[in-house]
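Residue numbers (our numbering): 2 to 1274.
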């Protein structure tokens, strides 16, 4: 038998009026004379009445109390509860019964016309009981716009109403009061027992749906009010549905009023989400008990950096509430200081202060946010100076038994007054001398702030004289830095305990600070204000000019002070100011979105989503008692976890029932026991399904077949936190696990935004971080820095260049990352769809074979893989995985140089080239025996038989060992198989008969780049080479390094170069006199060689002079490399030829003039005329003058060139024995240079000076770096 739910009738009200007595129920005509029991119409009846235009007035108008109504009993006419109040009652379980039951409808009644249904006749002696519409009916009325007015307005109690009898009904205790009662053991019983729910009650929507039961109680019978239990109230609080009567009130009950939105435009989904961040109700919690992870702090720091650089108006919005402005300013300063952004923040605040004043005399006179921030900043950067200089002075003042009191109202003894005056005079002089004499010790941060202040003064008050600006700047520093330390030394650590300062000592400090203040402002004491201070004007006159000079020194030094502030690393430990910032951002979110441009708003919202709601943070921690909150915070700090959500979670693990705590972190679900031991840790990659069939149950099914089942009152919040945290761990945000919940709850989990809102490179860093935690490998900062700094809109952005990664393993002797560190990088690359190139070089990947294999199996976007010198041997397995399992086969370029490839691997590689349209292959130093290369070439024989042409355009086989059979294959078949080949590297081949090798070039008519370096060529072949070269009309690069070729043949080769722009590389070749003369003649007449390299050859000074003389007549050479050719046998002749060439050349853009290791291989001071000759050169773009031993004098000449040149972009100049003065000269020139974009740092010269004890100024390197960075690099 179903049991009806007992509901309170304390909210029942009756409409009463002396003029009107309209009832809602239709009573039969012959019974009108009898008193009828009042019955309220149902929702269907009210809607029908509205449509018919017969809706009773009491449902549309506000009730009026007739004049003269008797209120003497203290009870005003009963007022119906509003709809909002009824909804709150329903959620609290206190809904009066009459709002949950529908009236009985007489059997057979006709309702087809929509009219109300008449009820059974009642005995005349029985008064009519008024029936209120149910809550469901009222909600429907609200949606239909027919909600009676008495349900929308709050009851007003008439003035003078007698409430002495205790009416209206007593107010329910708030939730905070109930929690306090629970702790005290005095919780009323009705809050500890749950009401009984009728069997069969529909709870599918998560709420108890009341049954439609017939009211059988008489009009005189009252029902017992049923209150929600404490557990239910806590759940309502978490869900934000706590009825108003249980909220903590200040005095009278306050109605929650939704603030008017600032947004008046269409907004995106993320803007809509963030605009609601200020609507949530925070749980009462001590802010210092909250915890913000390193990631969250970084998000906040980056957000304020964004505000300062792109959206300063948001800072204005943040500090517009003067009640919070000072506290917020301090909080933001602490936040930005830890990331070295404090100077930018202070500068922004000062600028705003200047912008809001039109009179310089009113600047910083009030304790504004800017003043407070500047004062805090100066205290941070200048604390040591204050302690070192002023602590002894202040300690002496407060501990010596002397007095400075000169006020005759405080001290009447004239003799003591005179003594005190002399004491004060002496102390003032000592203090002012301390200020002036310690100028050189003034901290850099103070000087830098002085510079910023003075620049703003000049910008906004240009009419001020230099002296006025200097005084304004100096007084600002004095009054916001030094004077506060004298006035309140305990705030700066000058005095450890305020109690240490006696009343007399405090008075002494006050009088000193008064004099210092007037001196700083340049204002004398006057009779009208403090006549007893008039004698101090003598001191002011004595020091006024001295302080003006002091202020002038501050400004002059500050002007030349570099705009860089080095601060110590600071760790944020106090979470209270961070919580304040977070809360303010959430409360201001709607306003910031509504008052910002779309672009600024979108970026702001990304930061906010990455940070999350403040109310979620407080709810998460606020579920637990304070002692648990503190221990939770300690656990998170110790283990460096970020708690995205925390909830109680009761479960059974290893047959032990645990009243546990569940923490959702960035990549894990962690279960703690009551002792804060980790009893279960589940990584996101191990989760298969998350199930929650009801509002209390929750389970995790894992991929290993095990599961974790438990109970929690917050399953939805946990799932949402998981989605926010784990989304960035998967490519394209497609989760690797399933959420299994009832359909009516699934909407809660749609459009959940990831915490990682600033993912670049296709979300690579989020997946990389997840794999690091999965494989328990520390996250490598160089990998993160590379990804985060990648600019996706520039060329080359889609290359994962692992040469930029450095190891963090202290046991790794190499700079490159270890194989263990590479595992998560490769795992993240498996599903990444952004990068198209992978470049790993000179790094051991032994131990990463399985990850690399998975990359080649799964990645569908990589087009180029460079795995040069990675130490792997299992290439056959890896290449077969690509052949068999990759679906797209997009790779077009493969570089496996400097890896040993066995026969099977080469056969697989040939198969890939044949089947998947490979364009470029690098097998330099990969083939160590003829058998292996035979397997490689064997894979192409089918192409010969079927006359298949492959699209290969680049093939590098440097250092390969080949037999005659392989050479014959290349000579006879290459042109047939690879007719489009454009680059061929056959340098340093290990072959028996190298003379035939040049014949491989026959028929390859599209060759652009040929490298035959290191091959020994016979006389017969030499002539053949020249003829073959003549057929290569597209040849633009010819490398003949260390080849021995007779002069006449080389001349013929040069003459047969037909392309208009050719790079000729003859590095390391050996020439006799005939060869030098022939080469000089060839280069003189040649009109198509644009790059000429004769470095490291044996031509010496005289031979080089001939080449340079020939180049004078050449008008096309743009790049000349003559490095390490000098030997000192004819320096004078060489200098004459070199200077003549540099003076007359009009084509030279790149000069490579690196010296040798010995003195006679260097130009030394002869570099001075060389550099001077380049001053007038209007074409030079790149200059390499390393190892020339030019010293300081050469550096001065280089500095002169840097000041004047407008074209030089690249400079290499290290190892020149330059001293400190030469280095400084170059630094000074780089400050004004506007062209140099790539500058080699003089690391070796600086190191040599340091070894000699002549160099300890690290600023030189910093200045050089800055000089290049300022150009936007």
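Yeah, the Cβ is synthetic: ideal placement off N, Cα and C, and Gly gets one too.
For residue i, which residues in the same chain have their Cβ closer than 7 Å to its Cβ, ignoring the five residues on either side in sequence?
| i | result |
| --- | --- |
| residue 1 | Residue numbering for the chain in the displayed model covers 2 to 1274; residue 1 lies beyond these limits and cannot be assessed. |
| residue 477 | 365 and 454 |
Quick check: the Cα distance between residue i and residue j, rounded to an integer number of angstroms?
| i | j | result |
| --- | --- | --- |
| residue 943 | residue 642 | 59 Å |
| residue 802 | residue 1109 | 40 Å |
| residue 949 | residue 940 | 12 Å |
| residue 1292 | residue 1180 | Given that the chain is displayed from residue 2 to residue 1274, the structure contains no residue 1292 and the question cannot be resolved. |
| residue 1032 | residue 919 | 26 Å |
| residue 626 | residue 268 | 40 Å |
| residue 468 | residue 367 | 23 Å |
| residue 353 | residue 371 | 8 Å |
| residue 684 | residue 700 | 15 Å |
| residue 711 | residue 823 | 37 Å |
| residue 1 | residue 713 | The requested residue 1 does not occur in the structure, where the chain is confined to residues 2 to 1274. |
| residue 1034 | residue 897 | 30 Å |
| residue 196 | residue 715 | Residue confidence for residue 196 is low, a pLDDT of 43 falling below 50, so the modelled location carries little weight and cannot support an answer. |
| residue 439 | residue 387 | 10 Å |
| residue 1254 | residue 1248 | 10 Å |
| residue 610 | residue 811 | 36 Å |
Over the uninterrupted alpha helix (DSSP H) stretch that includes residue i, give me the two end residues.
| i | result |
| --- | --- |
| residue 336 | 323-338 |
| residue 1227 | 1221-1233 |
| residue 1275 | Past the edges of the chain, shown from 2 to 1274, lies residue 1275, and the structure says nothing about it. |
| residue 1176 | 1168-1176 |
| residue 400 | 384-400 |
| residue 522 | 504-522 |
| residue 1040 | Run containing residue 1040: none in the alpha helix (DSSP H); it sits in the beta strand (DSSP E), 1038-1040. |
| residue 773 | 765-776 |
Kindly indicate which three-state DSSP category residue i falls into: helix, strand or coil?
| i | result |
| --- | --- |
| residue 983 | coil |
| residue 1157 | coil |
| residue 1089 | coil |
| residue 700 | strand |
| residue 1261 | helix |
| residue 433 | helix |
| residue 1239 | strand |
| residue 1010 | strand |
| residue 740 | strand |
| residue 923 | strand |
| residue 640 | helix |
Going along the chain, which residues of its own chain have a beta-carbon closer than 8 Å to the beta-carbon of residue i, five neighbours each way excluded?
| i | result |
| --- | --- |
| residue 487 | 391, 395, 432, 510, 513, 514 and 517 |
So, at 6 Å on beta carbons, what are the nonlocal neighbours of residue i in its own chain, with the 5 sequence-adjacent residues on each side left out?
| i | result |
| --- | --- |
| residue 833 | 763 and 765 |
| residue 877 | 905, 906 and 909 |
| residue 169 | Interpretation of residue 169 is limited by its pLDDT of 49, a score under 50 that renders its predicted location unreliable; no figure is taken from the coordinates. |
| residue 1015 | 988, 989 and 1043 |
Where do the ends of the beta strand (DSSP E) carrying residue i lie?
| i | result |
| --- | --- |
| residue 969 | Careful: residue 969 lies outside any beta strand (DSSP E), inside the alpha helix (DSSP H) at 965-978. |
| residue 650 | 646-654 |
| residue 1163 | Run containing residue 1163: none; DSSP gives neither H nor E here. |
| residue 689 | 688-692 |
| residue 1211 | 1211-1213 |
| residue 680 | 679-684 |
Could you check whether the Cβ of residue i sits closer than 7 Å to any heavy atom belonging to the ligand PLP?
| i | result |
| --- | --- |
| residue 1097 | This structure simply doesn't include the ligand PLP, nor any ligand for that matter. |
| task | State whether the segment 860-875 contacts the segment 883-897, with contact taken as three or more CB pairs (one from each stretch) at a distance under 8 Å. | result | yes
| field | the segment 729-737 / the segment 667-686 touching (three or more Cβ pairs under 8 Å) | value | yes
| field | Contact between the segment 629-648 and the segment 736-745 (3+ Cβ pairs under 8 Å) | value | Touching, no.
| Do the segment 1123-1137 and the segment 1157-1171 touch if we need at least three Cβ pairs shorter than 8 Å? | yes
| Touching or not, the segment 955-965 and the segment 919-935, by the rule of three or more beta carbon pairs under 8 Å? | yes
| At a cut of 8 Å, does the segment 603-618 reach the segment 323-337 through at least three beta carbon pairs? | no
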